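Here the structure is laid out as structure tokens; the discussion comes afterwards.
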Amino acid sequence: MTESVIPIFDLRDHRYRSMTPSIPGKLAAPTGLVADTRGRPLHDLRISVTDRCNFRCVYCMPKEVFDKDYTFLPHSELLSFEEIERTARLFVAHGVEKIRLTGGEPLLRKNIEHLVEMLAKIETVSGKPLDLTLTTNASLLARKARALRDAGLTRVSVSLDAIDDATFRRMNDVDFAVADVLHGIETAQAVGLAPIKVNMVVKRGTNDQEIVPMARHFRNSGIILRFIEFMDVGASNHWQMDEVLPSAEVVKRIDAEFPLEPVQANYSGETAERWRYRDGSGEVGVISSVTHAFCGDCSRIRLSTEGRLYLCLFATEGFDLRALLRGGYSDLEISNAIAQVWQGRTDNYSEQRSDPTVRARRAERKIEMSYIGG
Ligand code: SAM
Ligand code: SF4
Ligand code: SF4
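In case it helps, full-length UniProt numbering puts the sequence shown at residues 1 to 374.
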């Protein structure tokens with residue numbers, strides 16, 4: 001049988017291009033293991049549940065772009081919870097063990113706890129519970145933590161870019177107070193979500209003076225603080241290499257105050273390099289997406305709010321899975337289409353970033369972080 005190839009470009013969308021994945025002519029049941037062209041397995045699925053956010057972090061949704069005239073996706077374009085759950089099951093059958101809900105701000109999606117409940121029931125190929133987590137700015141966490149825990153969420157990651165209130169308000173650009181984020185974190189801890197990770201994006205000259213105060217604040221709390229290098233995601237955040245503070249410098253600054261030693265990775269493909277305080281007061285991590293590319297182990301795929309698959313955070317083009325989900329195709333057909341997309345994957349943008357030609361070619365067309373999730 002020959003391959004059936006369905007439409008090529010979605011010309012309705014001027015922002016992001018997408019192709020509809022083709023259904024292979026010969027269908028095979030998923031084996032729990034699918035590898036891309038570099039032998040990388042599919043381990044980690046990130047699902048964006050909304051492209052909206054109540055923050056305007058300067059490095060993610062700058063106000064001058066995401067202003068009152070910006071058009072977010074209408075509700076009918078979003079994948080429904082049933083469509084997300086179906087997709088998640090198909091991915092898990094290919095070996096996915098970890099699912100992260102993200103956005104935009106995922107807690108803005110109405111009844112998100114119902115989705116958590118549906119996903120928490122899915123078991124991995126080896127019959128274990130999924131590693132199900134969510135990344136949030138914590139503005140609604142105090143209100144939602146208990147319902148999320150009751151629905152089956154076990155852990156959560158919170159984004160917080162400074163412990164100094166004035167610096168944080170400047171970074172979120174909507175005048176949101178640090179105290180309210182800390183209240184969300186405390187509530188999450190109190191209901192038993194664990195481990196809690198706090199992610200800080202470090203932008204040199206904007207919040208790098210907050211590295212040591214953040215470390216000081218979260219030592220002895222049981223919370224794992226992680227520092228993320230400012231990345232050139234999307235096309236709207238005016239990224240400049242000289243605003244990236246290398247993770248090596250982050251470790252040096254913390255180590256000078258609170259001596260650190262390295263810790264072994266939990267698993268191959270883990271994005272954070274782990275360090276612990278020598279005095280036993282906890283752990284920190286650094287995510288060096290710019291200065292130390294980890295494409296070689298990258299087992300992550302991203303599902304956008306309206307059901308497009310992206311093989312890389314820096315992709316310029318997605319695969320319109322929603323067309324298949326709403327097109328009457330069977331689970332087996334869609335599962336094979338997904339496998340084929342992953343098997344063709346070559347992505348390694350972070351390894352190529354230093355090449356100005358590659359950077360220039362992608363500059364205008366990269367997807368935004370708020371659309372695809374972190
Ligand atoms: N709104 C939620 C939040 O902030 O946690 C989830 C979505 S947000 C896009 C996911 C993560 O991406 C956050 O930790 C955020 O700090 C990070 N992020 C956004 N833009 C970034 C950039 N240009 N470089 C590095 N990290 C970025
Ligand atoms: Fe919103 Fe998260 Fe982006 Fe900040 S990083 S603007 S909280 S999506
Ligand atoms: Fe993965 Fe793309 Fe990041 Fe490389 S640049 S680690 S392929 S998401």
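Glycine included, C-beta positions come from ideal geometry on N, C-alpha and C.
Please read these numbers as outputs of a predicted model, since none were measured by experiment.
Proximity below 8 Å, CB of GLY280 to CB of ARG219
Working through the sequence shown from its first residue, we reach residue 280 at position 280. Working through the sequence shown from its first residue, we reach residue 219 at position 219. No. Outside cutoff.
Taking the Cβ atom as the reference point for each residue, do ARG216 and VAL286 lie within a distance shorter than 8 Å?
In the sequence shown, the residue the question calls residue 216 occupies position 216. In the sequence shown, the residue the question calls residue 286 occupies position 286. Taking the C-beta atoms as reference points, VAL286 is found no nearer than 8 Å to ARG216.
For PHE72, three-class secondary structure by DSSP:
What you label residue 72 is simply residue 72 of the sequence shown in a count that begins at 1. Coil.
CB of GLU306 within 8 Å of CB of ARG278, strictly:
One-based indexing of the sequence shown puts residue 306 at position 306. One-based indexing of the sequence shown puts residue 278 at position 278. No; because the gap between Cβ atoms is not below 8 Å, this pair is not in contact.
Would you mind stating whether LYS366 and VAL212 have Cβ atoms separated by less than 8 Å?
Position 366 of the sequence shown, counted from the first residue, corresponds to residue 366. Position 212 of the sequence shown, counted from the first residue, corresponds to residue 212. Taking 8 Å as the Cβ cut-off, LYS366 and VAL212 do not qualify as a contacting pair.
Using only the alpha-carbon positions, how far apart do GLY32 and VAL125 sit?
Residue mapping note: residue 32 aligns to position 32 of the sequence shown, counting from 1. Residue mapping note: residue 125 aligns to position 125 of the sequence shown, counting from 1. Answer to the nearest angstrom: the Cα atoms are 6 Å apart.
Would ARG46 and ARG300 be called neighbours here (beta carbons separated by less than 8 Å)?
Counting from 1 along the sequence shown, the entry for residue 46 is found at position 46. Counting from 1 along the sequence shown, the entry for residue 300 is found at position 300. Their beta carbons are under 8 Å apart, which means ARG46 touches ARG300 by this criterion.
Three Cβ pairs or more, each shorter than 8 Å: is that satisfied between the segment 334 to 351 and the segment 15 to 28?
yes
What are the boundary residues of the alpha helix (DSSP H) that TYR371 is part of?
Within the sequence shown, the letter at position 371 stands for residue 371. Element bounds for TYR371: 369 to 372.
Ignoring anything shorter than 3 residues, give me the beta strand (DSSP E) runs that lie fully in the segment 219 to 285, in order along the chain.
224 to 229, 260 to 263, 273 to 277
If distances are taken between C-alpha atoms only, which option among GLU77, LEU79, GLU82, CYS53 comes closest to LYS68?
Position 68 of the sequence shown, counted from the first residue, corresponds to residue 68. Checking every option, the nearest Cα to that of LYS68 belongs to CYS53.
By the DSSP assignment, the alpha helix (DSSP H) with GLY318 in it spans what residues?
Counting from one through the sequence shown, the residue named residue 318 turns up at place 318. Element bounds for GLY318: not the alpha helix (DSSP H) but the beta strand (DSSP E), 317 to 320.
Using a Cβ-Cβ cutoff of less than 8 Å, which residues in the same chain neighbour GLU117 once the five nearest sequence positions on both sides are dropped?
Your numbering for residue 117 matches position 117 in the sequence shown. Contacts found: ALA151, GLY152.
Per DSSP, cross-strand counterpart(s) of PRO41:
Here residue 41 is taken as the residue at index 41 of the sequence shown, counted from 1. BP columns for PRO41 point to ALA35.
Rounded to whole angstroms, what is the Cα-Cα separation between ARG48 and LEU193?
Counting from one through the sequence shown, the residue named residue 48 turns up at place 48. Counting from one through the sequence shown, the residue named residue 193 turns up at place 193. In the sequence as presented, Arg is not what sits at residue 48; that position holds Ser. In a straight line, the C-alpha of SER48 is about 21 Å away from that of LEU193.
Inter-residue CB distance, THR167 and ASN207 (contact presumed, cutoff 8 Å)
For the purposes of this step, residue 167 is taken as the residue at position 167 of the sequence shown. For the purposes of this step, residue 207 is taken as the residue at position 207 of the sequence shown. Yes, THR167 and ASN207 are in contact; Cβ-Cβ is about 6 Å, under 8 Å.
For the candidate residues CYS57, ILE254, SER304, whose alpha-carbon lies nearest to that of ASN137?
As a working note, residue 137 is residue 137 in the sequence shown. The option with the nearest alpha carbon to ASN137 is CYS57.
Would DSSP call LEU160 helix, strand or coil?
Here the question's residue 160 lines up with position 160 in the sequence shown. LEU160 falls in the coil class under three-state DSSP.
Three or more C-beta pairs below 8 Å linking the segment 128 to 145 and the segment 102 to 111:
yes
8 Å Cβ cutoff met for SER236 and LYS197
Here residue 236 refers to the residue found at position 236 of the sequence shown. Here residue 197 refers to the residue found at position 197 of the sequence shown. No.
Mapping DSSP to helix, strand and coil, what is THR87?
Within the sequence shown, residue 87 is the residue found at index 87, counting from 1. Three-state DSSP puts THR87 in a helix.
Residues sharing a beta bridge with ASP202, DSSP:
Translated into positions along the sequence shown, residue 202 becomes position 202. The question names Asp, but residue 202 is Val in the sequence shown. According to DSSP, which records beta bridges pairwise, VAL202 is partnered with GLU229.
Give me the Cα-Cα distance between SER159 and LEU324, rounded to the nearest whole angstrom.
As a working note, residue 159 is residue 159 in the sequence shown. As a working note, residue 324 is residue 324 in the sequence shown. About 34 Å.
Which of helix, strand or coil does DSSP assign to PRO356?
For the purposes of this step, residue 356 is taken as residue 356 along the sequence shown, with counting starting at 1. Reduced to three states, the DSSP call for PRO356 is helix.
Sequence-distant residues of its chain with Cβ nearer than 7 Å to ILE163 (five each side left out)
On the sequence shown, residue 163 is found 163 positions in, with the first residue counted as 1. Excluding sequence neighbours, ILE163 sits near VAL178, GLU210, PRO213, MET214, HIS217.
Which term fits MET241, buried or exposed, when burial requires 16 or more other beta carbons within 10 angstroms of its beta carbon?
Walking along the sequence shown from the start, residue 241 turns up at place 241. So MET241 ends up on the exposed side.
Using a Cβ-based criterion (distance less than 7 Å to any ligand heavy atom), does ARG300 qualify as near ligand 3?
As a working mapping, residue 300 is identified with position 300 in the sequence shown. Yes - ligand 3 has a heavy atom lying nearer than 7 Å to the Cβ of ARG300.
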